[in-house]
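Novice:
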Amino acid sequence: MDLSWWYYEKRPQVLALRELHERQVVAQMDMILSARPDFVLLGGSGTITLQSPPIARELSLPTIRVLTRMARQAGVPTMLHSCGKERDLVRMCAEETDLTCINPLEVPPMGDCDLAELKRQFVHKLSLMGNLHTTDVMLLGSPAEVERVARAAIEAAGAGGGFILSTGDQCGRDTPDANIFKLVEVARTYGRYDEG
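Numbering (this note's numbering), first residue to last: 28 to 223.
In structure tokens:
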């Protein structure tokens, strides 16, 4: 049965499920943080794409707040992965959580993110990671196209730090090795920050 239907027709059950899930992931986060990881990746694929921003705010954001606060208090950075539409989620996380970094910041039509816009709005609140299109650029594009788009991403979001150049999501199996190597080359050549 569709969760959207349940949200409207069986609301008390959905809210109880949300609370149960939060208790589970808080217990998991306690265990993870006790291992002192370098960072914690939170999964939230399709958080906005598969539900509206108001529903995401009610059902997902409270748990993101709790988990990111726990990690911040432990001195551990957090990253959230949420495929698809993400601009509203970036804003919510930057303004209302202790999240450190968010990805994959996909471009249209799969997503709705503009790196330059996000960088301008949230430069001091959140690190950004992304956002080369995994199909049009990485799978079907040429190494020259990968270089052009990767350099544009660095120009859009790299100034002053807080940006990790990456694909918009995982690369498909048939992605040409030459395109992956070109992305690495561009990152090494143009993606370094001054140490001063």
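Where is the CB? At the ideal position from N, CA and C, for every residue including glycine.
Could you name the residues that DSSP lists as bridge partners for residue 206?
Specialist: For the purposes of this step, residue 206 is taken as the residue at position 179 of the sequence shown. The partner list for residue 206 (beta bridge, DSSP) is empty, contrary to what the question assumes.
Novice: What's the gap between the Cα of residue 147 and the Cα of residue 117?
Specialist: Along the sequence shown, one-based indexing puts residue 147 at 120. Along the sequence shown, one-based indexing puts residue 117 at 90. Distance between the alpha carbons of residue 147 and residue 117 is about 12 Å.
Novice: Please list, in chain order, all residues of the same chain as residue 66 whose beta carbon is under 7 Å from its beta carbon, the five residues on each side excluded.
Specialist: Indexing the sequence shown from 1 puts residue 66 at position 39. Taken in chain order, the residues that qualify are 103, 104, 105 and 106.
Novice: Going by DSSP, what residue range makes up the alpha helix (DSSP H) through residue 95?
Specialist: Here residue 95 corresponds to residue number 68 of the sequence shown, with the count starting at 1. 88-100 is the extent of the alpha helix (DSSP H) around residue 95.
Novice: Can you look up residue 67 in the DSSP assignment and give me helix, strand or coil?
Specialist: Here the question's residue 67 lines up with position 40 in the sequence shown. Residue 67: strand per DSSP, three-state reduction.
Novice: Among the residues of its own chain, which have a CB less than 6 Å from the CB of residue 143, if the five just before and after it don't count?
Specialist: Your numbering for residue 143 matches position 116 in the sequence shown. Here residue 143 has 183 as same chain residues with Cβ atoms under 6 Å from its own Cβ, once five neighbours each way along the sequence are excluded.
Novice: Using only alpha-carbon positions, find the residue among 197, 85, 60 and 48 that is nearest to residue 123.
Specialist: Working through the sequence shown from its first residue, we reach residue 123 at position 96. Nearest C-alpha to residue 123: 85.
Novice: Going along the chain, which residues of its own chain have a beta-carbon closer than 6 Å to the beta-carbon of residue 128, five neighbours each way excluded?
Specialist: Residue numbering aside, residue 128 sits at position 101 when the sequence shown is read from its first letter. 106, 154 and 156, listed in sequence order.
Novice: What distance in whole Å lies between the Cβ atoms of residue 113 and residue 59, which are believed to be in contact at a cut-off of 8 Å?
Specialist: Counting from one through the sequence shown, the residue named residue 59 turns up at place 32. Counting from one through the sequence shown, the residue named residue 113 turns up at place 86. Not a contact, Cβ separation roughly 23 Å.
Novice: Would you mind stating whether residue 132 and residue 120 have Cβ atoms separated by less than 8 Å?
Specialist: For the purposes of this step, residue 132 is taken as residue 105 along the sequence shown, with counting starting at 1. For the purposes of this step, residue 120 is taken as residue 93 along the sequence shown, with counting starting at 1. No. Outside cutoff.
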